[in-house]
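Visitor:
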Amino acid sequence: MSFEDIPVDIGVVYEGERVRGKDMFVELGGPKMAKKFELALARDMGDIEDEKITIVGPDLKDMEEGSYHPFGIVVEVGGKDIEPDLEGVIERRIHEYINFVEGMMHLNQRYDIWIRLSKKSFEKGFNSFEFLGKVLIRLFKSEMNIIEKIQVTFITDPKVIDERYDEAINRYTQRDERARGLTDAEVDTFYGCSLCQSFAPTHVCTITPQRYANCGAISWFDGRAAARVDPKGPLYAIPKGETIDEYRGEYTGVNQAYTEKSLGKVNSVALYSAFEKPHTSCGCFEAIAFVIPEVDGLGIVHRDFKGDTVNGLPFSSMADSTAGGRQVPGFHGISIEYMRSPKFLQVDDGWNRIVWLPEAIKERVGDFIPEEVKDKIATENDAMNIDDLKTFLKQHNHPVVDRWVELEPEEEVAMATDDSGADYVAVPGQMTAMVGGVGGGLEIIFKNAKIYAEKVIIRRTQKGDKKK
Ligand code: SF4
């Protein structure tokens with residue numbers, strides 16, 4: 052495959068490249084644009100003009116340096132093995148392939164895409180979507196040989212974006228609804244995706260009927276279709292194996308897949324928990340479930356939420372604590388669709404543990420929040436700091452209030468003294484301490500440590516009062 056006619060380099064080496072605001076020539080989609088999308092559609096062969104590239108609206112060369120634009124990409128594919136179940140997987144490859152372009156950054160998926168082109172690449176001559184279309188067509192055809200015909204449309208005309216945006220949203224909804232009819236117990240195979248390992252090397256998405264991929268772009272049906280046509284590709288079957296704990300979502304097959312794909316860094320996962328051995332988080336998650344230790348609950352924030360959340364931090368700050376392919380207890384990347392699942396964080400008490408979420412998400416998934424708790428969950432209209440949140444939760448008798456405990460008067464503990472005369476607390480073997488708090492959590496592992504302190508305070512707690 053040759054890219055000699057493309058004025059910039061194309062290759063895996065550019066994946067993960069970031070284009071900062073000061074270096075960008077233009078931004079397409081992104082948080083400043085209300086409507087943006089990328090959509091793959093399976094078409095009949097006769098409906099596709101092979102390798103046709105269409106640009107609707109201003110091309111790159113017509114845009115001003117530093118400007119922002121609404122953006123849509125439609126990739127239409129045909130082939131004898133192409134079926135609608137493959138649309139989600141083909142669509143997700145747009146993210147990967149655009150990131151192969153030197154000086155292009157593509158983030159997120161579906162209705163949330165955020166693309167930047169660098170000034171440097173524009174100056175090198177990458178000044179038309181024609182080039183991007185050629186790159187996409189060549190990569191799709193060479194990497195997915197089931198695609199026999201392909202045409203690509205780029206849309207920057209706001210009026211046309213408006214028209215086609217609804218079509219895209221409807222298509223995503225249809226895909227999501229189809230996956231809702233099946234339960235995890237009914238299948239003996241899950242699907243794994245390692246597409247995001249270029250950004251987060253230890254990350255593996257386990258896609259089950261009731262736990263949608265973190266990016267919200269790939270359902271169990273999509274995974275199945277992709278693994279069938281391209282078993283050596285980034286989506287593969289994960290036989291469930293033996294059930295270790297069905298309620299927690301622990302299976303020998305899933306653990307084995309993690310061990311293999313993360314090269315031993317992650318060995319055990321509970322699929323339905325944000326706290327205990329949680330599913331890993333890459334960086335593409337649509338939302339974060341984050342611990343709010345002051346109320347022993349979880350908040351949720353999605354990527355599009357502007358400004359600070361109830362703990363004083365925006366999505367971007369918490370995303371740093373969450374991402375990277377790690378298992379971070381209390382900072383858990385999730386998709387919007389997973390919030391509609393009956394398995395949603397069931398180990399942690401599901402919706403009964405959610406104390407705060409943006410109004411926009413409450414509206415989107417409202418039909419799936421149990422009626423008895425829906426009005427007890429605060430939004431940005433009810434609380435924007437921890438004190439107000441506590442007051443709201445108490446007033447509405449949220450289920451987490453029963454978890455709150457009264458702190459007893461502090462008791463000082465006599466200190467041991469070592470040979471040097473210094474005060475210390477010996478920590479035999481290994482101890483793991485979780486340090487929670489607004490803005491992030493740390494896991495500190497002490498191995499054969501001696502901790503020196505002037506004073507140690509141990510507080511005994513008991514159930515009852517709501518005081519914190
Ligand atoms: S978030 Fe998961 S499913 Fe989505 S592309 Fe990344 S690894 Fe694949």
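229 is the number that my numbering gives to position 178 of the sequence shown; each next residue is one higher, with no gaps. Each residue gets a CB set at the ideal place from its N, CA and C atoms; glycine is no exception.
I258: beta carbon under 7 Å from a heavy atom of ligand 1?
Guide: Because some heavy atom of ligand 1 lies under 7 Å away, the Cβ of I258 counts as near it: yes.
Visitor: What is the DSSP secondary structure of V478, counted as helix, strand or coil?
Guide: Because V478 carries a pLDDT of 35, less than 50, the predicted location of this residue cannot be relied on, and the following value inherits that uncertainty. The three-state secondary structure of V478, taken from DSSP, is strand.
Visitor: Quick check: the Cα distance between K519 and D433, rounded to an integer number of angstroms?
Guide: With a pLDDT of only 40 at K519, under the threshold of 50, the placement of this residue in the model should not be trusted; the figure read from the coordinates follows. Distance between the alpha carbons of K519 and D433 is about 20 Å.
Visitor: For V305, list the residues DSSP reports as bridge partners.
Guide: DSSP lists no partner for V305.
Visitor: Per the contact definition of three or more C-beta pairs closer than 8 Å, is the region 179-188 in contact with the region 89-99?
Guide: no
Visitor: What residue from E181, T207, V346 has the CA that sits closest to K445's CA?
Guide: V346
Visitor: Going along the chain, which residues of its own chain have a beta-carbon closer than 6 Å to the beta-carbon of S53, five neighbours each way excluded?
Guide: none
Visitor: Report all residues from its chain with a CB closer than 6 Å to the CB of P209; omit the five preceding and five following residues, and keep chain order.
Guide: P121
Visitor: Whole angstroms are fine: how far does the CA of G358 sit from the CA of W407?
Guide: 15 Å
Visitor: Would you check if there are 3 or more beta carbon pairs closer than 8 Å linking the region 121-131 to the region 76-92?
Guide: yes
Visitor: Out of curiosity, what's the CA-to-CA distance linking R262 and V320?
Guide: 13 Å
Visitor: By the DSSP assignment, the beta strand (DSSP E) with E590 in it spans what residues?
Guide: Lying outside 52 to 519, the shown extent of the chain, residue 590 is not represented and no answer is given.
Visitor: Tell whether a beta-carbon distance below 8 Å holds between D235 and S179.
Guide: no
Visitor: Keeping to the same chain, check which residues put their C-beta closer than 6 Å to that of E78; ignore five residues upstream and five downstream.
Guide: Y119, R167, listed in sequence order.
Visitor: Please name the residue, chosen from V398, V416, D136, that lies closest to Y323 on a Cα-to-Cα basis.
Guide: V398
Visitor: Specify, as a first and last residue, the run of the alpha helix (DSSP H) that G274 falls within.
Guide: 271-280
Visitor: With a threshold of 16 other CB atoms inside 10 Å of the CB of L314, please say whether the residue is buried or exposed.
Guide: exposed
Visitor: For the region 406-464, which segments carrying the alpha helix (DSSP H) assignment without a break, of at least 4 residues, lie completely within its bounds, in sequence order?
Guide: 410-416, 422-425, 437-446
Visitor: Bridge partners for K87 per DSSP, in chain order?
Guide: Beta-bridge analysis with DSSP links K87 to F122.
Visitor: Would P260 be called buried (16 or more neighbouring beta carbons within 10 Å of its own) or exposed?
Guide: P260 is buried by the Cβ-count criterion.
Visitor: Cα separation between G129 and I412?
Guide: Straight across, the Cα-Cα distance linking G129 with I412 is about 35 Å.
Visitor: Are V352 and P409 closer than 8 Å when you measure CB to CB?
Guide: V352 is a Cβ neighbour of P409, given a cutoff of 8 Å.
Visitor: So what's Y323 in DSSP terms, helix, strand or just coil?
Guide: coil
Visitor: Report the rounded CA-to-CA distance for E55 versus G62, giving the unit in angstroms.
Guide: 13 Å
Visitor: Classify T373: buried if its beta carbon has 16 or more other beta carbons within 10 angstroms, exposed otherwise.
Guide: buried
Visitor: Helix, strand or coil for C333, going by three-state DSSP, please let me know.
Guide: coil
Visitor: If you drop the 5 nearest sequence neighbours on each side, which residues of the same chain put their C-beta closer than 6 Å to that of G490?
Guide: With a pLDDT of only 41 at G490, under the threshold of 50, the placement of this residue in the model should not be trusted, and no figure is reported.
Visitor: What does DSSP give as the partner residues of A288 in its beta bridges?
Guide: Y242
Visitor: Would you please state the rounded distance, in angstroms, between the beta carbons of M155 and R69? I believe it to be under 8 Å.
Guide: About 11 Å separates the two Cβ atoms, so there is no contact after all.
Visitor: Using only the heavy atoms of ligand 1, determine whether one of them is closer than 7 Å to the beta carbon of S392.
Guide: no
Visitor: Could you compute how far the alpha carbon of F366 sits from the alpha carbon of D163?
Guide: 14 Å
Visitor: Output needed for E66: all residues of its chain with C-beta closer than 8 Å, excluding positions within five of it in sequence on either side, in chain order.
Guide: E147, N150, F151, S249, F250
Visitor: Return yes when the Cβ of R354 is within less than 8 Å of the Cβ of A340, no when it is not.
Guide: no
Visitor: Within a Cβ cutoff of 7 Å, which residues of the same chain sit near V59, ignoring the five residues on either side of it in sequence?
Guide: Here the set comprises V152, E153, G154, S172, K175, F177.
Visitor: Can you give the Cα-Cα distance for P290 and V305, rounded to whole angstroms?
Guide: 8 Å
Visitor: Once DSSP output is grouped into helix, strand and coil, what is the label at E218?
Guide: helix
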